[in-house]
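Below is one structure, written out as structure tokens; comments come after it.
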Ligand code: BGC
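See below:
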């Protein structure tokens, strides 16, 4: 039975209506018991569903980064991921997942690169559509985000992106359009930034015009958190819901604007009707039961996606898969403590993590000896204090009275959004992480302090730090870009000492919260005495020389890839390049495992035997890695984005606005569209463990102006495998206004050794359309169709003529 939304609407007075368009709290809309409506709850994805609490006490299945999901080139797998997230959402009382992120990899410097799928709009759109279908089949909503042109982070709240209509249509709007048309999403999130002079929460032309009228989007438009600025502008610009609450531009302020005749009651009714529809679709009415969904093994799916996403960039002398070596040395800080996900609002807390070291230990073939050494540690913050610490958190008000105490598993407080136990930022003055520490070894112990505020650290009754740690410049960037103060103290093994870190909330963070969005994050890190960096490096080289195979895990850190700021460099942080170069010189069988969500420079790439890109691989990454290294699974991924040899050779490096404006002056020429002959690894590249011959290609033009492509191929290797068959088009003759070639479609196929298989690839008419003078134009004529292993490895080609005949 469909609910009569108009009848419900008639039961609401103006104040209730406008209340329903504003967050009641950070993650939820108000309940309206009079019409049987419960609170609609939102929560961040896309790698897991965090729930209303931003804390490790409420863990979530943690999947590989979105770049990894895109590297599978498999919308059906994205759909299964969506299904799992729907289950997770239900488990946590969430109705709408704030995902997928379908902004493009315009520049490798983009801070949230790891959270977006690809530089290609078609791949982004199809993976995004699969994801959305999967979530919504589970009766849970999405907000496809961030609409639109939020492709970098610098000045993200205010930047005005200047982009041509053509680039907007052909690149940046394209994934949203594909998803709206194919998956009918129930929500879209309006971005912080402006596009061509108008902020996206007030962009009538793009929201009401393109999204709603042109594409037929019938869901809600939700503001990014704190993005809505103006009551009348937002209401007229098509924004339905202003988040987070309770202080927003809607609610009472919208009711006043209606009473003053500045916003029409009909407009408000339309907005409320869409919110009621969302509530109905996501089963937020109290008489609704969510659909039955079969259980999914989250751990197994996280591992499967990881395996399928790993991209084998290089495999000289087929060193991989490993063939029962006698000895393996595993090297790198990230091998023991991997980075499993990117930073920022996409953060979730896994229940447990399988590190590469855990994974390899568990899967070690009989007769293989495994050694581990750190080599180089790129992290600029110490891991939170845990081993041999007994810690509690104590919360005080300005008068020093204790408001609450909490047991802590580790020396870290992450209270984002709502504060726990009804605590209020207005009355809370300080939080202590305090307890005891019993060192296991004697020597100089290092303590690390992070957090924006006044910090005081005492250890063994000595004050080691007492001072402000206040941000300068953009507060949000400062929040995201964690900085650490370190202090050392000599301690004795077995002698228990008192430890206390006191954090005082600064006034600018209270103001930032606007009475609703708390950001109370600080931590106590610890490192026991260990070898100095030179000695650690030497030890790695020594063990590499003694072992048959050296596996070096290198990658980025929280200070490199996160929301709120862009990257400044593509270099691996710390001394990791030096580590790889030295280990490779000591051992010809050096396998480099990359633990990064986005491109990094690999200056030693020709000197190592193999490079396996594992992205931010989620909670089961270590198990997936062992399976792939030992050959139980094939690394199935293909690059969803070009990896430039150096930052300077990347076609787009400007992410820094000038006087508030960021010009997309490269127009439609981003990524492989800009032709990068000297890239380190090209779009679509990935080796796998078997080989394929492409035996036949047939192209049948369709009357609509697209084509049906059939590719016959054979697995010519000696093990089963999966191939991503990519179809690229080039216009004949070449057209300087268009890229030399572009992806027009793809399909994944599987075959056993010696087996033949046919890939069917559907090429939409849109593949040959361009946006000219305010409309799509179908560019009929001759095209070279190439069935390819990657964007630079065509295997079969033929010329066909496309035209619209209907
Ligand atoms: C991010 C969004 C996110 C929201 C809520 C914003 O800062 O840009 O992607 O969904 O916060 O956490």
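Residue numbers (our numbering): 13 to 818.
Quick reminder that beta carbons are idealized off the backbone N, C-alpha and C, glycines included.
Here the structure is a predicted model, which is why all the values come from computation and not from measurement.
Beta-carbon proximity list for residue i, same chain, < 8 angstroms, skipping 5 on both sides
i	result
residue 331	561, 601, 603, 621 and 622
residue 275	243, 244, 247, 248, 266 and 269
residue 35	41, 253, 254, 255, 256, 257, 258, 260 and 528
residue 744	793, 794, 795, 796 and 811
residue 346	368, 390, 565, 566, 567 and 607
Separation of residue j from residue i, as counted between CA atoms
i	j	result
residue 137	residue 721	20 angstroms
residue 687	residue 288	47 angstroms
residue 425	residue 615	38 angstroms
residue 410	residue 306	51 angstroms
residue 384	residue 454	23 angstroms
residue 211	residue 691	35 angstroms
residue 207	residue 367	42 angstroms
residue 624	residue 324	5 angstroms
residue 785	residue 343	56 angstroms
residue 840	residue 377	As displayed, the chain neither begins before 13 nor continues past 818, which places residue 840 out of reach and without an answer.
residue 495	residue 145	40 angstroms
residue 737	residue 754	14 angstroms
residue 598	residue 429	50 angstroms
residue 69	residue 449	22 angstroms
residue 626	residue 321	7 angstroms
residue 499	residue 478	11 angstroms
residue 400	residue 513	16 angstroms
residue 508	residue 398	14 angstroms
residue 549	residue 672	44 angstroms
residue 364	residue 353	13 angstroms
residue 341	residue 559	6 angstroms
residue 326	residue 264	60 angstroms
Span of the beta strand (DSSP E), counted from its first residue to its last, around residue i
i	result
residue 722	719-727
residue 55	54-56
residue 157	156-159
residue 383	381-385
residue 828	Past the boundaries of the shown model lies residue 828; the chain is included only from 13 to 818, so the question cannot be answered.
Residues near residue i in its chain [Cβ-Cβ closer than 6 angstroms; skip 5 each side]
i	result
residue 664	118, 119, 678 and 682
residue 803	684, 694, 695 and 696
residue 195	141, 144 and 145
residue 167	669
Span of the alpha helix (DSSP H), counted from its first residue to its last, around residue i
i	result
residue 22	17-22
residue 428	Unbroken run through residue 428 is the beta strand (DSSP E), 424-429; no alpha helix (DSSP H).
residue 246	243-249
residue 348	345-348
residue 287	277-293
residue 814	Here residue 814 belongs to no alpha helix (DSSP H); instead the beta strand (DSSP E) covers 806-814.
residue 549	545-558
residue 370	368-375
residue 136	133-149
residue 321	310-321
residue 191	186-195
residue 569	No alpha helix (DSSP H) holds residue 569; DSSP gives it neither H nor E.
Integer Cβ distance of residue i from residue j, believed to fall under 8 angstroms
i	j	result
residue 727	residue 698	Actually they are not in contact, since the Cβ atoms of residue 727 and residue 698 sit about 16 angstroms apart, beyond 8 angstroms.
residue 586	residue 719	Going by Cβ atoms, the distance from residue 586 to residue 719 rounds to 49 angstroms, so no, they are not a contact pair.
residue 371	residue 202	At roughly 41 angstroms, the Cβ-Cβ gap does not stay under 8 angstroms, so residue 371 and residue 202 are not in contact.
residue 394	residue 405	Not a contact, Cβ separation roughly 19 angstroms.
residue 79	residue 317	Rounded, the Cβ-Cβ distance is 12 angstroms, inconsistent with contact.
residue 313	residue 96	5 angstroms
residue 52	residue 108	7 angstroms
residue 780	residue 741	7 angstroms
Nonlocal neighbours in the same chain, by C-beta distance under 7 angstroms from residue i, ignoring five residues either side
i	result
residue 139	81, 82, 87, 90 and 129
residue 293	153 and 198
residue 416	407, 433 and 435
residue 775	718, 719, 721, 739, 756 and 757
Any non-hydrogen atom of the ligand HEM closer than 7 angstroms to residue i Cβ
i	result
residue 575	Looking for the ligand HEM in the displayed structure turns up nothing; the ligands present are the ligand BGC.
Chain D contact for residue i (CB, 8 angstroms cutoff)
i	result
residue 534	No chain D is part of this structure, which consists of one protein chain only.
Three or more C-beta pairs below 8 angstroms linking the stretch 742-755 and the stretch 705-715: no
Validate contact between the stretch 644-657 and the stretch 62-76 using beta carbons, cut 8 angstroms, 3 pairs: no
Three CB pairs or more closer than 8 angstroms across the stretch 152-168 and the stretch 187-196: yes
Stretch-stretch touch, CB-based, cutoff 8 angstroms, three pairs: the stretch 573-580 with the stretch 533-553: no
The stretch 516-524 contacting the stretch 454-470, beta-carbon criterion three pairs below 8 angstroms: yes
Inter-stretch contact (C-beta, 8 angstroms, three-pair minimum) for the stretch 99-106 and the stretch 167-182: no
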